[in-house]
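Asks: Have a look at this one before I ask anything.
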Amino acid sequence: MSVELLNFIETVINGLMSGIMYSLVALGFVLIFKASGVFNFAQGVFALFAALTLVGFQTGQVPFSHLINELFGTNFHNWYPSLHSFFAIILTIITMIVLAWLIEKLVLKHLVNQEPIILFMATIGLAFVLEGVGDLMWGSDVKVLDVGIPSGGSEWLEKTTVGWASEGSEYYGMYIDVLNVWATIIAVILVTALALFSQYTKTGRALRAVADDHQAALSVGISLRSIWVLVWAISGFIAMVAGIMWGTESGVQFSLSLIALKALPVLILGGFTSIPGAIIGGLLIGLGEKLAEIYIGGLLDIGAIENWFAYFMALVFLLFRPQGLFGDKIIERV
Amino acid sequence: MIYKETGQFKSTYESDHSIFPLIQDKIAFNILMLVAFLVVPFFIDSYWEKAILIPFLIYSMAAIGLNILTGYCGQVSLGTGGFMAVGAFATYKIMTFFPDLNIMIIVLLSGVITAFVGILFGLPSLRIKGFYLAVATLASQFFIIWLFNKVPWFYNYSDTGQITVSERTMFGVAVTGANAPSYATYLFCLILVVVLGFAAKNMIRSKIGRSWMAIRDMDIAAEIIGVPPLKTKLSAFAISSFYIGIAGSLYFAVYLGALEVTESFDIMAISFPVLFMIIIGGLGSMLGSFLGAAFIVLLPIFLKNVMVDLIGLSAVTAKHFEITIWGLLMVVFLILEPHGLARLWSIAKEKLRKWPFPY
Numbered sequence: 373m374s375v376e377l378l379n380f381i382e383t384v385i386n387g388l389m390s391g392i393m394y395s396l397v398a399l400g401f402v403l404i405f406k407a408s409g410v411f412n413f414a415q416g417v418f419a420l421f422a423a424l425t426l427v428g429f430q431t432g433q434v435p436f437s438h439l440i441n442e443l444f445g446t447n448f449h450n451w452y453p454s455l456h457s458f459f460a461i462i463l464t465i466i467t468m469i470v471l472a473w474l475i476e477k478l479v480l481k482h483l484v485n486q487e488p489i490i491l492f493m494a495t496i497g498l499a500f501v502l503e504g505v506g507d508l509m510w511g512s513d514v515k516v517l518d519v520g521i522p523s524g525g526s527e528w529l530e531k532t533t534v535g536w537a538s539e540g541s542e543y544y545g546m547y548i549d550v551l552n553v554w555a556t557i558i559a560v561i562l563v564t565a566l567a568l569f570s571q572y573t574k575t576g577r578a579l580r581a582v583a584d585d586h587q588a589a590l591s592v593g594i595s596l597r598s599i600w601v602l603v604w605a606i607s608g609f610i611a612m613v614a615g616i617m618w619g620t621e622s623g624v625q626f627s628l629s630l631i632a633l634k635a636l637p638v639l640i641l642g643g644f645t646s647i648p649g650a651i652i653g654g655l656l657i658g659l660g661e662k663l664a665e666i667y668i669g670g671l672l673d674i675g676a677i678e679n680w681f682a683y684f685m686a687l688v689f690l691l692f693r694p695q696g697l698f699g700d701k702i703i704e705r706v
Numbered sequence: 003m004i005y006k007e008t009g010q011f012k013s014t015y016e017s018d019h020s021i022f023p024l025i026q027d028k029i030a031f032n033i034l035m036l037v038a039f040l041v042v043p044f045f046i047d048s049y050w051e052k053a054i055l056i057p058f059l060i061y062s063m064a065a066i067g068l069n070i071l072t073g074y075c076g077q078v079s080l081g082t083g084g085f086m087a088v089g090a091f092a093t094y095k096i097m098t099f100f101p102d103l104n105i106m107i108i109v110l111l112s113g114v115i116t117a118f119v120g121i122l123f124g125l126p127s128l129r130i131k132g133f134y135l136a137v138a139t140l141a142s143q144f145f146i147i148w149l150f151n152k153v154p155w156f157y158n159y160s161d162t163g164q165i166t167v168s169e170r171t172m173f174g175v176a177v178t179g180a181n182a183p184s185y186a187t188y189l190f191c192l193i194l195v196v197v198l199g200f201a202a203k204n205m206i207r208s209k210i211g212r213s214w215m216a217i218r219d220m221d222i223a224a225e226i227i228g229v230p231p232l233k234t235k236l237s238a239f240a241i242s243s244f245y246i247g248i249a250g251s252l253y254f255a256v257y258l259g260a261l262e263v264t265e266s267f268d269i270m271a272i273s274f275p276v277l278f279m280i281i282i283g284g285l286g287s288m289l290g291s292f293l294g295a296a297f298i299v300l301l302p303i304f305l306k307n308v309m310v311d312l313i314g315l316s317a318v319t320a321k322h323f324e325i326t327i328w329g330l331l332m333v334v335f336l337i338l339e340p341h342g343l344a345r346l347w348s349i350a351k352e353k354l355r356k357w358p359f360p361y
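Below is the structure:
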C-alpha cells in the first residue's frame with residue numbers, strides 16, 4: 373500500500389475514534405432532552421464536576437478545604453492518602469445521583485411548563501453554579517486523573533503497520549491512541565446497556581413512554597418526576613464516563629467543561645431526540661474534522677479550523693434536514 | 003396614588019399611542035434625561051465612567067439589539083460576541099482607511115457593516131428553527147472569532163494581534179483614545195443609546211415590529227396572514243446586528259481602547275452575559291434591556307466589594323464564589339420571575355396605583 377493510503381486510513385480511524393468521545397457527551401444531552409425537553413447546557417460542566425469529584429475522592433481531598441483554610445487560617449487538606457479508583461468511581465456515581473435528585477428538587481420542579489428558552493437559561497445558571505461549587509470544593513488547579521486506563525500510542529500497531537507500506541518508502545507505522553480505543557469499547561458497552569435497559573426493564577419502558585409523550589405517560593400513572601431524576605442521574609453517569617475519558621487525556625481543568633461546545637454540532641447533526649443520531653453524528657463530525665484539518669487545513673495553510681468546522685458541517689446537513697439526521701420530524705400546525 | 007391614571011383623558015390617537023401614555027412616566031423620564039445629560043457629566047469621574055456608566059450604556063445597546071432578535075422576533079442567538087467583534091474590527095479598519103472621518107460616522111458605518119454580516123448569518127434561520135438555530139448561530143460566533151484571529155489583514159499585521167484605537171475628536175474634544183475626558187466618552191455613548199433606543203422603540207411600535215412579533219408568536223400563522231418570513235426574519239437579523247455592531251464598536255473604541263479578539267469577544271465574555279441581560283431584564287421589553295444591563299454590570303461590582311473588601315477572601319476564591327452566586331441568582335430569578343425585571347416593574351406600578359391608600 374502507498375503511504376498516502378495508509379495515512380488516509382490512519383486519519384479515518386483517528387477521526388472516528390475522536391468522534392466517539394464527542395458522542396459520549398452528546399449522549400447525555402439527548403437523554404435529557406428526550407425525557408424532559410430540557411436543553412441541558414450544563415452537560416459539559418457535569419463532566420467537569422464528575423471528574424473533579426472523582427479525583428477528589430481518589431486523593432482523599434477534604435471538600436472546601438481551600439475555603440476553610442482561607443477563612444479560619446487552618447491547614448488541612450487530605451483525609452486519607454489515596455483510594456482505589458473503583459471505590460472512587462462508586463462514590464462519584466452516588467454523588468451524581470444525589471446531584472440529579474437535587475436538581476430535580478430545587479430547579480426543574482419549579483420550572484415545569486416554562487418556555488424552552490427559560491429552561492435552557494436555567495441550565496446555563498446551573499452550569500455556573502456547578503463550575504463555581506466544583507472549584508470551591510476541590511480547588512481550581514489542574515489535576516491528573518488516572519483510573520488505570522492506558523493511554524498513549526500503541527506500539528504493537530506501529531510495529532505491525534510499518535511493514536504494510538510499499539518497499540523503499542518512508543513510513544513509521546500508524547499512531548493510534550489506546551485511550552481512544554478504550555473510549556470506543558466503553559461507549560459501545562454503554563450504548564448497548566442503555567438500549568437493553570430501555571427495551572427490557574419496566575423502568576426503561578416508563579422512560580420511553582415519557583420520552584414519547586409526557587401527558588400520555590402521566591395518565592397511565594408514570595411519575596414524571598422520578599423519571600426525571602432517573603434520567604438526570606443517567607446523564608450524570610454518562611458525564612462521568614466522558615469526564616474520565618477527557619480528563620485522562622488532557623487533565624482535569626476548567627477547559628473540560630467546554631466539551632459541551634464540541635458536542636453541540638454533534639447534537640444538531642444527529643438530531644436532538646435520537647440516541648443513534650448522537651453516535652453517528654459524533655462519528656461524522658469526528659471524521660470530518662480530522663479530514664478537514666489534515667487535507668483542507670494543511671492544503672490552504674490556515675490551521676486551527678476545528679473550532680468552527682464542525683458547526684459548518686452540521687449547518688450544511690441542517691439545510692437539507694432541519695431536524696438533524698435522525699431527529700423527529702418537525703410537524704407544524706397552525 | 004403615585005400611578006393614578008384617573009383623569010388623564012386621551013382625545014387623539016397620537017396621545018393614546020405615545021411611548022409614555024401616563025404623565026407620571028413622562029415626567030420621570032424627562033427628569034432622568036435631564037439628570038443624565040445635564041447633571042452627570044459635571045460629576046462623572048474616571049471610576050464611574052469606566053466601571054459603571056460606559057459598560058452599562060454599551061451593554062444596554064447590545065441588549066436592545068439581541069432583544070429585537072430574540073425577544074421580539076423569537077430567533078434565539080448565541081452569536082452576539084461574534085457580531086460585536088465585527089463592529090469593533092469594522093471600526094478599526096475604517097479608522098485606518100479614512101483617518102479624517104468623523105467618529106460618529108465611523109461608529110454608524112460599523113453598525114451598517116455588521117448589519118450585512120448579520121443578514122448573511124441570518125440566512126439559515128429561514129430553514130432552521132428553535133434550538134437548532136441557536137446552535138447554528140454559534141457557528142457564526144466561532145467562525146468570526148477565528149477569522150479575526152487568523153487573517154492578519156484585520157488587525158493590520160500587528161505583532162500582538164491586538165487592535166488599538168487612535169484618537170478621534172468631536173467638536174474639538176477627544177472621545178476615543180487615552181486622553182478622552184470622562185464626560186465626553188459618556189455623552190458620546192449616551193447620545194447614541196438614547197437616539198437609537200428611541201429608534202428601536204418606534205420600530206417595535208410600527209409595522210415592522212408587529213411583523214416581528216407575529217413571526218415570533220407563530221411563524222406559519224404569520225406567513226398565512228401575509229407576513230413575509232424571509233423579509234421579516236432577515237430584517238430582524240439586520241437591525242439587531244446593527245445595534246450589536248454599534249455596541250461592539252463603542253466597546254472597542256470608547257471603552258477598552260485596545261483589545262484582542264479571542265478574550266474580549268469570547269462566548270462566555272459577551273454572548274451569554276448579553277443573553278442573561280435580556281432574560282433577566284425581560285424578553286421583548288425595551289425597559290428590560292436597560293434593567294438587565296444595569297443588573298449585570300452592577301452585580302459583579304457589588305459581589306466583589308462585599309467579598310474581597312468586606313469578608314476578606316482572596317481574589318481567586320471570590321471569583322469562584324462570584325460564579326456560584328451568579329448562577330444561583332440566575333436560577334432563582336428564572337424560578338421566581340421568568341418574565342424578568344420589567345415584569346416586576348409593571349407589578350410594582352400596578353401596586354403603586356393605589357398605594358398608600360388601598361381603598
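Those protein sequences? They're chains L and U, same order as listed.
Residues in the first sequence are numbered consecutively from 373, following the numbering used here.
Residues in the second sequence are numbered consecutively from 3, following the numbering used here.
Ideal Cβ placement from N, Cα and C applies to all residues, glycine included.
Have a look at the DSSP bridge pairing and note the partners of L:M546.
Replies: Along the first sequence, read from residue 1 onward, the residue named residue 546 of chain L stands at position 174. Answer is none; L:M546 lacks a bridge partner.
Asks: Which first and last residues belong to the alpha helix (DSSP H) in which U:R212 is found?
Replies: Along the second sequence, read from residue 1 onward, the residue named residue 212 of chain U stands at position 210. 209-219 is the span of the alpha helix (DSSP H), which, as asked, contains U:R212.
Asks: Report back the beta-carbon spacing between L:F448 and L:S437 to the nearest angstrom; my notes put them in contact at under 8 angstroms.
Replies: Translated into the one-based positions of the first sequence, residue 448 of chain L becomes position 76. Translated into the one-based positions of the first sequence, residue 437 of chain L becomes position 65. With 8 angstroms as the limit, L:F448 and L:S437 qualify as a contact, their Cβ atoms being about 6 angstroms apart.
Asks: What number of angstroms, rounded off, separates the C-alpha of L:G654 from the C-alpha of U:L331?
Replies: Numbered from its first residue, the first sequence carries residue 654 of chain L at position 282. Numbered from its first residue, the second sequence carries residue 331 of chain U at position 329. L:G654 and U:L331: Cα-Cα distance of roughly 34 angstroms.
Asks: So what's U:I165 in DSSP terms, helix, strand or just coil?
Replies: Here residue 165 of chain U refers to the residue found at position 163 when the second sequence is read from its first residue. Strand at U:I165.
Asks: Just by C-beta distance, which residues in the region 331-355 of chain U are closer than 7 angstroms to chain L?
Replies: Taking 7 angstroms as the Cβ-Cβ cut-off against chain L, the residues of the region 331-355 of chain U that qualify are M332, V333, L336, I337, P340.
Asks: Please confirm if the region 223-234 of chain U is in contact with the region 81-95 of chain U, defined as three or more CB-CB distances below 8 angstroms between the two stretches.
Replies: Result no; under three Cβ-Cβ pairs closer than 8 angstroms.
Asks: Going by DSSP in three states, L:N450 sits in which element: helix, strand or coil?
Replies: Position 78 of the first sequence, counted from the start, is the residue given in the question as residue 450 of chain L. Strand.
Asks: Out of U:R355, U:D102, U:G124, U:L59, state which residue places its alpha-carbon closest to the alpha-carbon of U:L289.
Replies: Within the second sequence, numbered from 1, the residue matching residue 289 of chain U stands at position 287. The shortest C-alpha separation from U:L289 is found at U:L59.
Asks: Can a CB atom of chain L be found closer than 8 angstroms to the CB of U:R170?
Replies: As a first step, residue 170 of chain U is located in the second sequence; it is residue number 168 there, counting from the start. Not one chain L Cβ lies under 8 angstroms of U:R170.
Asks: Considering only the beta carbon of each residue, do L:L636 and L:W510 sit closer than 8 angstroms?
Replies: Taking the first residue of the first sequence as 1, we reach residue 636 of chain L at position 264. Taking the first residue of the first sequence as 1, we reach residue 510 of chain L at position 138. No.
Asks: Using three-state DSSP, classify U:G73 as helix, strand or coil.
Replies: Here residue 73 of chain U refers to the residue found at position 71 of the second sequence. Helix.
Asks: For U:V256, list the residues DSSP reports as bridge partners.
Replies: Sequence index remark: in the second sequence, residue 256 of chain U carries index 254 (1-based). None, per the DSSP bridge assignment.
Asks: List the residues of chain U that L:L498 touches, going by C-beta distances under 8 angstroms, in chain order.
Replies: By one-based count along the first sequence, residue 498 of chain L stands at place 126. What L:L498 touches in chain U: G329, V333.
Asks: Under the assumption that L:Q625 contacts L:V514 (Cβ atoms under 8 angstroms), give the Cβ distance between them as a whole number of angstroms.
Replies: Here residue 625 of chain L refers to the residue found at position 253 when the first sequence is read from its first residue. Here residue 514 of chain L refers to the residue found at position 142 when the first sequence is read from its first residue. With a Cβ gap of about 4 angstroms, L:Q625 and L:V514 count as contacting.
Asks: If you run the structure through DSSP and keep just helix, strand and coil, what is L:V470?
Replies: Along the first sequence, one-based indexing puts residue 470 of chain L at 98. Helix.
Asks: DSSP state of U:G124, grouped into three classes?
Replies: As a first step, residue 124 of chain U must be located in the second sequence, where it is residue number 122. Note: U:G124 maps to helix in three-state DSSP.
Asks: Under 6 angstroms Cβ to Cβ from L:L426, same chain only, skipping five residues before and after it: list those, please.
Replies: Numbered from 1 along the first sequence, position 54 holds the residue referred to as residue 426 of chain L. Hits under 6 angstroms: A460, T464.
Asks: Between the alpha carbons of L:Y683 and U:S184, how many angstroms are there, rounded?
Replies: Here the question's residue 683 of chain L lines up with position 311 in the first sequence. Here the question's residue 184 of chain U lines up with position 182 in the second sequence. Going from the Cα of L:Y683 to the Cα of U:S184 covers about 42 angstroms.
Asks: In whole angstroms, what is the alpha-carbon distance linking L:I440 and L:L508?
Replies: Here residue 440 of chain L is taken as the residue at index 68 of the first sequence, counted from 1. Here residue 508 of chain L is taken as the residue at index 136 of the first sequence, counted from 1. Roughly 10 angstroms between the two C-alpha positions.
Asks: Cβ of U:K131 less than 8 angstroms from any chain L Cβ?
Replies: Within the second sequence, the letter at position 129 stands for residue 131 of chain U. It does; some Cβ of chain L falls within 8 angstroms.
Asks: How many angstroms separate the CA atom of L:L491 from the CA atom of L:L483?
Replies: For this step, residue 491 of chain L is matched to residue 119 along the first sequence. For this step, residue 483 of chain L is matched to residue 111 along the first sequence. Taking the straight line from one Cα to the other gives about 7 angstroms.
Asks: On the three-state DSSP scale, how would you describe U:T171?
Replies: Residue 171 of chain U sits at position 169 when you count from the first residue of the second sequence. Note: U:T171 maps to strand in three-state DSSP.
Asks: Measuring only the C-alpha atoms, how far is L:E382 from L:S526?
Replies: Reading the first sequence from its first residue, position 10 is the one you call residue 382 of chain L. Reading the first sequence from its first residue, position 154 is the one you call residue 526 of chain L. The straight-line gap from Cα to Cα measures roughly 13 angstroms.
Asks: In the DSSP output, which residue or residues are listed as bridge partners for U:A176?
Replies: Along the second sequence, read from residue 1 onward, the residue named residue 176 of chain U stands at position 174. U:T171.
Asks: I want to see whether chain L comes within less than 8 angstroms of U:V299, judged by CB atoms only; does it?
Replies: The residue given as residue 299 of chain U occupies position 297 in the second sequence. Closer than 8 angstroms: no.
Asks: Compare the Cα-Cα distances from L:A494 to each of U:I281, U:S266, U:V310 and report the closest residue.
Replies: To locate residue 494 of chain L, count along the first sequence from 1; it is residue 122. Considering only alpha carbons, the answer is U:I281.
Asks: Determine which residues share a DSSP beta bridge with L:G525 and list them.
Replies: To locate residue 525 of chain L, count along the first sequence from 1; it is residue 153. For L:G525, which the question treats as bridged, DSSP gives the partners L:D549.
Asks: Tell me whether L:H456 is buried or exposed, calling it buried when 16 or more other Cβ atoms sit within 10 Å of its Cβ.
Replies: To locate residue 456 of chain L, count along the first sequence from 1; it is residue 84. It is exposed - the Cβ of L:H456 has fewer than 16 other Cβ atoms within 10 Å.
Asks: Roughly how many angstroms separate the alpha carbons of L:A583 and L:K406, rounded to a whole number?
Replies: Here residue 583 of chain L refers to the residue found at position 211 of the first sequence. Here residue 406 of chain L refers to the residue found at position 34 of the first sequence. The alpha-carbon atoms of L:A583 and L:K406 are separated by roughly 5 angstroms.
Asks: For L:G416, I'd like the list of residues in its chain whose CB is within less than 6 angstroms of its CB, leaving aside the five on either flank, ordered along the chain.
Replies: Taking the first residue of the first sequence as position 1, residue 416 of chain L is located at position 44. Counting only Cβ-Cβ distances below 6 angstroms, and skipping sequence neighbours, we find S629, I631, A632.
Asks: Which two residues bound the contiguous alpha helix (DSSP H) that contains L:G615?
Replies: Within the first sequence, residue 615 of chain L is the residue found at index 243, counting from 1. That run of the alpha helix (DSSP H) goes 596-622.
Asks: Which residues in chain L sit within 9 angstroms of U:L315, going by Cβ to Cβ distance?
Replies: To locate residue 315 of chain U, count along the second sequence from 1; it is residue 313. Ordered by position in chain L, the residues that pass the 9 angstroms Cβ test against U:L315 are L439, E442, L443.
Asks: Could you check where the alpha helix (DSSP H) with U:M63 kicks off and where it finishes?
Replies: Mapped onto the second sequence, residue 63 of chain U falls at position 61. 56-68 is the extent of the alpha helix (DSSP H) around U:M63.
Asks: According to DSSP, is L:K701 helix, strand or coil?
Replies: Stepping through the first sequence from its first residue, residue 701 of chain L is reached at position 329. In the structure shown, L:K701 sits in coil (DSSP, three-state: anything other than H, G, I, E or B).
Asks: Buried or exposed, going by whether 16 or more other CB atoms sit within 10 Å of the CB of U:G294?
Replies: Position 292 of the second sequence, counting from 1, holds the residue named residue 294 of chain U. By the neighbour-count rule (16 or more Cβ atoms within 10 Å), U:G294 is buried.
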